[in-house]
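Below: one structure, written as C-alpha cells.
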Amino acid sequence: MKIVVPLKQVPDLVEDLEVDATGKALDAEEVKLKLNEFDDQALEEALLLKESGAADEVVAMAFDGEDVDKMLFTAIAKGANKAIKLNGSSPTDIHQLAKAFANAVATEGFDLVMAGVQSADGRDGHLGPIMAEYLSVPCISVVAGVSVSGGQATVQKEYSGGMLGEFEVDLPAVLGIQAAAQAPRYAPVSKVRQIQQTETIQEMDAGDLGAGAGSAISSMAAPEKGLGAKMLDDVEALMAVLKDKGVA
Amino acid sequence: MANILVVTEHLKGEFQDITFEMLGKAKEIAQSTGGSCSAMVFGSMSGQTDQMGAADTVITAEVGDDYNPEAYAAAVKSVVSANSPDLIMIGSTSMGIDIANPVSTALDIPTVSFCADIVAAGGGFTCTSQMYGGKMNVVSSVDGALISMVLAGSFNADTGRVSGSPAVEASAVEAGAGKVRFKQLIEPEAADVDITQSDILVAVGRGIGSKDDIEVAEELAEALEADIACSRPIVDAGWMSKSHQVGKSGMKVKPKVYIALGISGAPEHIEGMKATSTIIAINTDKNAPIFDVAHYGMTEDLFDVVEELLEELD
Ligand SMILES: Cc1cc2nc3c(=O)[nH]c(=O)nc-3n(C[C@H](O)[C@H](O)[C@H](O)COP(=O)(O)OP(=O)(O)OC[C@H]3O[C@@H](n4cnc5c(N)ncnc54)[C@H](O)[C@@H]3O)c2cc1C
Ligand SMILES: Nc1ncnc2c1ncn2[C@@H]1O[C@H](COP(=O)(O)O)[C@@H](O)[C@H]1O
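Structure (C-alpha cells):
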C-alpha cells in the first residue's frame, strides 16, 4: 500500500506578518516559512502506518518553491521512501494546484493521499477534497485516526465537542489529516544534511492544470486594534483585576 | 437579487448553531437584495422544518440521518446544479470541508474559506476571511456565484433562530457511489473534570513550551481554585487529555474568568471560549489575535507573570 503526502510551507504565525506594497499579499521578505503543522501530522500518521506494516511506501510530494528541497529532504530523513517535486506552469488557484497533484498521484499511483486538513493561508478551498473530486475517489477530512486493512481504511473524523464519527472508506481515497496518533517526530539536522547528499528529489511535470475556479483578493490587513484588550503593565494591575472579579 | 442556499448542519437530531448563524445572515442578504433564502436539510431533520422560519423554502434530501461525506456532498451537488443559487453558505466546519470543495470543483463555483463576513456587492459578493491564525483579514471579491464557508461564531445565531412554516420541497438526490460507509458515533471519553461547568479556567497553549512546565500553570490553577484547560497542540502533543481542550473540536466553555497563557488565539480556539465574561491573555507577541477578544492583556513572558502571581497569592 502506497501513501502520498502533499507537503506545504506556510508562514510561521508566531512571527510578525507584514502586508506588502500591493496591499493584497504578505511581504514575502519578512515571512519565515515552516512546514504546515497539519502536514507534519499527516506525514507522521503515514509513517506510523508504514512502521506498523499497514503501508509499504510513503511518498512526500510538493510543488516547487522556496526552500521546498529542504522540506522534502527532511521528510525523507523522517522516514519517507522518496520525494517528488512538481513543476511546470504555475497554478493560479487551489483548483489548479489540486489538478497538478491529482495528475501527479495518478501518474505515480497511490492507495491513500494524506493531506493536511487545512493551511493557515488557504483561502479558496482545500486541496485534499478538491483533488479527490478530480480523481473521482472518496475523501474524508478532519481525520484523527486511520487504520487500513483489506482495501479499505477505517477513519475517525472529528466533530465538535470531542465527538468522533467513524467511517469505512474504499481505497484509493484522499484523507485530510488533523492529528496523528502521536506527536510528529523530529529529524536531526545532521541526518537531513546526510540525506541531502545521498538522496535525490524526483521531478515531475504538473501537467494540464485546467481552468481553475478562483476569486481575487481585494485587500489584506491586520484586524483593527482598539476593540481589544485593556493592556496591563504589571502583575499588580493583574492582581487588581483578579480581585475585582472575585477570583483572588 | 441574491438567491441563497444555506446548507444546514445537524448532529444527534439537532440543528447546530452554525445553521442558525448562516440562516440569519442569509435572510439579511436576501432581504436587502430582494432575493430569497432556502435551507437544505438532510434525513429526518425534514421533520423539524418549523425551526427554519428564516428561510423562504426548505429543500429536503433523503440521504439518511447520519452524516456521510460522499452522500451529503452528492446531494448538495444535485440541489445546487438544479437551483443555481448565487450564494451557497456552508459551515467552515468538519462537515463543511467535505461538502463545499467537491461542489465547488464539480460545478466550477469559486469557494472562499474562513468567512467572517459576507456582503452583497454589485452582482457578486465581498467576503472577509480570517486567515493566518486570525492575524490577517483578507477580503475577496467574486462577481458571479460563490460558495462561502462560514466560520462559526461570525454571526448572531438568534437572528436565524426563527420558527415558521416555510414551503418544503423534496429534492431528487442521487445516491453516492457507496464508497464511504458510516459506522458509528464515538462519544468523548468521560472526563476527570467537566470544564464546561468551571467558573474559572487557567488555559495553557503552545507557549508553555514543554510538558513539565504545565506544572507551573497547575500551581496557578490551584491557587485560584480554577480548573485547567488547554489549546489543541497541547492535546496533540499528548501533554493533556482531550477533555481539557477548548475550541472548535474541543469544548465550548464560558467560565466567569478565562486566563489564557501562551495561546495565540486562532479562530478555532476562539470559537470555544469567546462567550467568557472576562478573558485575560498573557502572550509575548503583542500582535497575537487573542488580544482582540481578551478583556485584559499582558505582553509578558508567562513564566514571569505566573511566578509573580504565585508570590502575590501566597
Ligand atoms: C479543524 C480544526 C480544528 C481545530 N480545533 C481546535 C480546538 O478545538 N482548539 C484549539 O485550541 N485549536 C484548534 N485548532 C488548531 C488551531 O488552528 C491552532 O493551531 C491552535 O489553536 C494554536 O494553539 P496555540 O495558541 O496554543 O499555539 P500557537 O498558535 O503556536 O501559539 C503559541 C503562543 O504562545 C506565545 N508564547 C510563546 N512563548 C511564550 C511565553 N514564554 N510567554 C507568553 N507567551 C508565549 C506565542 O507568542 C504564541 O502566540 C484546530 C484546527 C483545525 C484545522
Ligand atoms: N502548495 C501546496 N503544496 C503542497 N501541498 C499543499 C499545497 N497547498 C495545499 N497543500 C496540501 O493541502 C492541505 C490543505 O491545505 P489547503 O488546501 O490550504 O486547505 C495542506 O495541508 C497540504 O497537505
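Protein chains in written order, with my numbering: chain B, -6 to 241; chain L, 115 to 428. Where is the CB? At the ideal position from N, CA and C, for every residue including glycine.
Counterpart residues of residue i in DSSP-defined beta bridges
{"i": "Arg295 of chain L", "result": "B:Glu161"}
{"i": "Val3 of chain B", "result": "B:Lys27"}
{"i": "Met371 of chain L", "result": "Contrary to the premise, residue 371 of chain L reads as Val rather than Met in this sequence. Paired residues: L:Ile314 and L:Thr392."}
{"i": "Thr171 of chain L", "result": "L:Ser152 and L:Ala281"}
{"i": "Leu168 of chain B", "result": "B:Met107 and B:Ile133"}
{"i": "Leu19 of chain B", "result": "B:Val12"}
{"i": "Ala146 of chain B", "result": "B:Val141 and B:Val162"}
{"i": "Met166 of chain L", "result": "L:Val276"}
DSSP-derived helix/strand/coil call for residue i
{"i": "Glu176 of chain L", "result": "coil"}
{"i": "Gly155 of chain B", "result": "helix"}
{"i": "Ala284 of chain B", "result": "Coverage of chain B is limited to positions -6 through 241, which leaves residue 284 of chain B absent and any answer about it impossible."}
{"i": "Met159 of chain L", "result": "helix"}
{"i": "Phe134 of chain L", "result": "helix"}
{"i": "Leu225 of chain B", "result": "coil"}
{"i": "Val141 of chain B", "result": "strand"}
{"i": "His358 of chain L", "result": "helix"}
{"i": "Lys78 of chain B", "result": "strand"}
{"i": "Glu430 of chain L", "result": "In this structure chain L extends from 115 to 428, so residue 430 of chain L is not present and cannot be described."}
{"i": "Thr191 of chain B", "result": "helix"}
{"i": "Ala304 of chain L", "result": "coil"}
{"i": "Tyr127 of chain B", "result": "helix"}
{"i": "His124 of chain L", "result": "strand"}
{"i": "Asp231 of chain L", "result": "strand"}
{"i": "Lys184 of chain B", "result": "helix"}
{"i": "Ile377 of chain L", "result": "coil"}
{"i": "Glu196 of chain B", "result": "strand"}
{"i": "Leu41 of chain B", "result": "helix"}
{"i": "Glu385 of chain L", "result": "helix"}
{"i": "Asp201 of chain B", "result": "coil"}
{"i": "Gly121 of chain B", "result": "helix"}
{"i": "Lys236 of chain B", "result": "helix"}
{"i": "Gly321 of chain L", "result": "helix"}
{"i": "Thr147 of chain L", "result": "helix"}
Extent of the continuous beta strand (DSSP E) run through residue i
{"i": "Pro(-1) of chain B", "result": "Lys(-5) to Pro(-1)"}
{"i": "Asn251 of chain L", "result": "Met250 to Val256"}
{"i": "Met213 of chain B", "result": "Ala209 to Ala214"}
{"i": "Asn117 of chain L", "result": "Asn117 to Val121"}
{"i": "Tyr186 of chain L", "result": "From DSSP, Tyr186 of chain L is part of no beta strand (DSSP E) but of the alpha helix (DSSP H) over Pro183 to Asn197."}
{"i": "Ile204 of chain L", "result": "Leu201 to Gly205"}
{"i": "Val52 of chain B", "result": "Glu50 to Phe56"}
{"i": "Asp341 of chain L", "result": "Asp341 to Cys344"}
{"i": "Met412 of chain L", "result": "Tyr410 to Met412"}
Residue i, buried or exposed, once every other Cβ within 10 Å from all chains shown has been counted against 16
{"i": "Glu196 of chain B", "result": "exposed"}
{"i": "Gly321 of chain L", "result": "buried"}
{"i": "Pro181 of chain B", "result": "exposed"}
{"i": "Asp117 of chain B", "result": "buried"}
{"i": "Lys400 of chain L", "result": "exposed"}
{"i": "Met64 of chain B", "result": "buried"}
{"i": "Thr246 of chain B", "result": "Residue numbering for chain B in the displayed model covers -6 to 241; residue 246 of chain B lies beyond these limits and cannot be assessed."}
{"i": "Gly238 of chain L", "result": "buried"}
Enclosing alpha helix (DSSP H) for residue i [first to last residue]
{"i": "Val419 of chain L", "result": "Leu416 to Leu427"}
{"i": "Ser218 of chain L", "result": "Ser208 to Leu221"}
{"i": "Ile404 of chain L", "result": "Ile404 to Val407"}
{"i": "Glu101 of chain B", "result": "Ile87 to Glu101"}
{"i": "Val330 of chain L", "result": "Ile328 to Ala337"}
{"i": "Ile261 of chain L", "result": "Careful: Ile261 of chain L lies outside any alpha helix (DSSP H), inside the beta strand (DSSP E) at Leu260 to Val264."}
{"i": "Thr240 of chain L", "result": "That residue, Thr240 of chain L, is in no alpha helix (DSSP H); its beta strand (DSSP E) goes Gly238 to Met245."}
{"i": "Asp272 of chain L", "result": "Ala271 to Gly274"}
Residue i CB to nearest heavy atom of ligand 4 below 8 Å
{"i": "Ser345 of chain L", "result": "As far as ligands go, the structure on display features ligand 1 and ligand 2 and does not contain ligand 4."}
Partners in chain A for residue i, counting only beta-carbon separations shorter than 7 Å
{"i": "Lys150 of chain B", "result": "Structure shown: chain A not included; protein chains present are B and L."}
*Within the chosen definition, does the region 179 to 195 of chain L reach the region 209 to 217 of chain L through at least 3 CB pairs nearer than 8 Å?*
yes
*Any chance the region 153 to 170 of chain B sits against the region 388 to 403 of chain L, with 3 or more Cβ pairs inside 8 Å?*
no
*Three-pair Cβ contact test at 8 Å for the region 133 to 142 of chain L versus the region 259 to 276 of chain L*: yes
*Give a yes or no on contact between the region 231 to 239 of chain B and the region 358 to 365 of chain L, applying the rule of three or more CB pairs nearer than 8 Å.*
no
*Can you find at least 3 beta carbon pairs, one from the region 276 to 293 of chain L and one from the region 161 to 169 of chain L, that sit closer than 8 Å?*
yes
_So, does the region 229 to 245 of chain L touch the region 217 to 228 of chain B, judging by three or more C-beta pairs under 8 Å?_
no
*Would you say the region 301 to 314 of chain L touches the region 330 to 346 of chain L, given that touching needs at least three Cβ pairs under 8 Å?*
yes
*Are the region 175 to 182 of chain L and the region 283 to 301 of chain L touching, with three or more C-beta to C-beta distances below 8 Å?*
yes
_So, does the region 163 to 172 of chain B touch the region 44 to 54 of chain B, judging by three or more C-beta pairs under 8 Å?_
no
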